[in-house]
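Numbering (the UniProt record's numbering), first residue to last: 1 to 445.
C-beta: ideal position from N, C-alpha, C; glycine also.
These numbers come from a predicted model, not from an experiment.
Reading through the structure tokens given below for one structure.
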């Protein structure tokens with residue numbers, strides 16, 4: 001009897017989780033879901049170190065507050081995804097858009113970070129509105145697949161360039177615009193070592209290879225004098241106050257900002273849809289007609305993630321493609337996402353360790369992630385020049401103009417003009433004409 005009583009609480013708790021997340025219906029169990037959540041967390045937790053490093057570069061934002069904002073944005077949005085949509089996917093501040101925030105909005109455009117956060121908030125509200133009204137599906141159909149792949153590739157090239165610059169592997173040059181850096185510098189040398197280590201781990205498909213590469217590189221940096229040892233291993237979470245609710249909506253008084261906000265929205269849109277389609281297919285969340293089960297709820301949670309993140313003090317929050325790792329490990333329900341959320345919250349007690357990671361250790365991660373994103377360029381039909389030209393313009397102008405928004409705008413304009421002048425105007429969706437016209441006005445006015 002005693003043994004039977006001891007088992008009952010466990011059975012009750014598992015029964016509750018089964019009812020909430022429909023585990024049996026989805027052919028999974030608690031153990032498998034938790035393992036899947038752990039797998040997803042390990043593969044994407046590099047963002048805890050990388051995001052504060054990027055957003056604090058030249059923006060004036062406090063790194064420890066960004067650390068906390070990153071964790072809370074990831075935890076809250078992922079928790080909502082798991083409980084409301086019952087999807088095994090995780091969210092966090094997105095790579096590419098964090099670079100756009102720091103180096104374009106606050107860097108090239110000179111916006112105070114408070115106004116940049118307001119722009120992120122508005123892009124999140126826009127995403128929520130188009131999702132609730134069904135416009136998101138229309139926009140997805142309007143944008144040609146070639147440009148979607150080009151946007152992903154362009155962001156990858158942009159992130160790679162930032163990683164190379166942060167590593168000191170390349171630097172500005174008056175003679176050639178850009179040139180190789182000084183490899184004798186300890187930071188650059190450490191970044192090169194880290195790039196090799198991380199590259200090998202990823203190539204060998206080691207779970208959490210990027211995070212492991214960052215940690216190993218950080219340790220190697222100690223005897224090289226690049227890594228400063230943390231004062232403690234475990235500590236109370238740092239204050240969120242410096243970035244919490246610091247949005248400045250004066251940015252909306254500048255008409256030029258609307259093109260930037262649209263660029264943020266579209267970039268997040270393509271990234272999310274690509275991840276959703278891939279993950280839902282692997283997780284059995286797509287029916288025979290190609291419709292995603294509960295997809296609209298998941299899209300709403302994704303939009304809310306960006307709104308929540310901006311209020312906390314970070315750039316656009318998006319669904320992570322690394323969620324596919326958890327799905328491959330057996331994740332099928334929102335319990336996987338809830339597990340990831342809990343692990344993010346626990347990581348807030350290790351702020352001293354994450355904040356001690358030097359830029360030379362996170363730069364290789366930027367380069368590796370950039371390469372992964374840039375691989376989508378192989379999906380573009382380069383034999384059809386009318387398709388290839390606007391796609392390549394989109395991808396290359398992002399790093400060359402040092403702006404995702406400008407690359408996106410030039411690509412959309414080029415697509416409309418090329419198809420018009422080659423007699424293929426009927427192949428262009430009417431919304432593409434509207435967007436191209438909008439971006440032309442952005443450059444002219």
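- Here the stretch 383-397 makes no contact with the stretch 104-123; the two share fewer than three CB pairs at distances below 8 Å.
- Residue state for residue 229 is assigned as coil, using DSSP reduced to three classes.
- By the Cβ-count criterion, residue 246 is buried, with 16 or more other Cβ atoms from all chains shown falling within 10 Å of its own Cβ.
- Straight through space, the alpha carbons of residue 99 and residue 54 are spaced by roughly 6 Å.
- Assigned with DSSP and collapsed to three states, residue 146 falls in helix.
- Nearest C-alpha to residue 143 among 441, 430, 440, 439: 430.
- Between the alpha carbons of residue 316 and residue 28 lies a gap of roughly 32 Å.
- At a Cβ-Cβ threshold of 7 Å, residue 85 and residue 297 count as neighbours.
- In the three-state reduction of the DSSP assignment, residue 91 falls in the strand class, which pools E and B.
- Residue 118 sits close to residue 248, with the two beta carbons spaced by under 7 Å.
- With 16 or more other CB atoms across the displayed protein chains lying within 10 angstroms of its CB, residue 271 is buried.
- Judged by DSSP secondary structure, residue 307 falls outside any beta strand (DSSP E) and instead within the alpha helix (DSSP H) spanning 295-312.
- Within 10 angstroms of the beta-carbon of residue 423 lie fewer than 16 other beta-carbons, which makes it exposed.
- Here the stretch 379-386 makes no contact with the stretch 350-362; the two share fewer than three CB pairs at distances below 8 Å.
- In this structure residue 357 does not touch residue 163 by the C-beta definition: roughly 14 Å separates them, more than the 8 Å allowed.
- Distances from the CA of residue 361 to each of 257, 205, 225 were compared; the closest alpha carbon is that of 225.
- Apart from sequence neighbours up to five positions away, the residues of its chain that approach residue 50 with a beta-carbon distance below 6 Å are 362, 365, ordered along the chain.
- Per the coordinates, the alpha-carbon of residue 198 lies some 7 Å from the alpha-carbon of residue 214.
- Where residue 105 is concerned, there is no enclosing beta strand (DSSP E), because DSSP gives it neither an H nor an E.
- When the beta-carbon positions are compared, residue 121 and residue 310 come within less than 7 Å of each other.
- Each of 369, 346, 349, 408 was checked against the Cα of residue 320, and the nearest Cα belongs to 369.
- Shortest Cα-Cα distance from residue 152 to any of 268, 141, 88, 31 involves 268.
- Contact annotation, residue 340 with residue 90: C-beta distance approximately 4 Å; criterion of less than 8 Å satisfied.
- Non-local C-beta neighbours of residue 299 in its own chain, meaning closer than 6 Å and more than five positions away in sequence, comprise 131, ordered along the chain.
- The stretch 170-182 makes no contact with the stretch 194-211, as fewer than three CB pairs between them are under 8 Å.
- Under the three-state reduction of DSSP, residue 180 is assigned to strand.
- Scanning the stretch 316-358 for uninterrupted alpha helix (DSSP H) segments of 4 residues or longer gives 323-328, 334-347, 351-355, listed from N- to C-terminal end.
- In the displayed model, residue 171 falls within a strand according to three-state DSSP.
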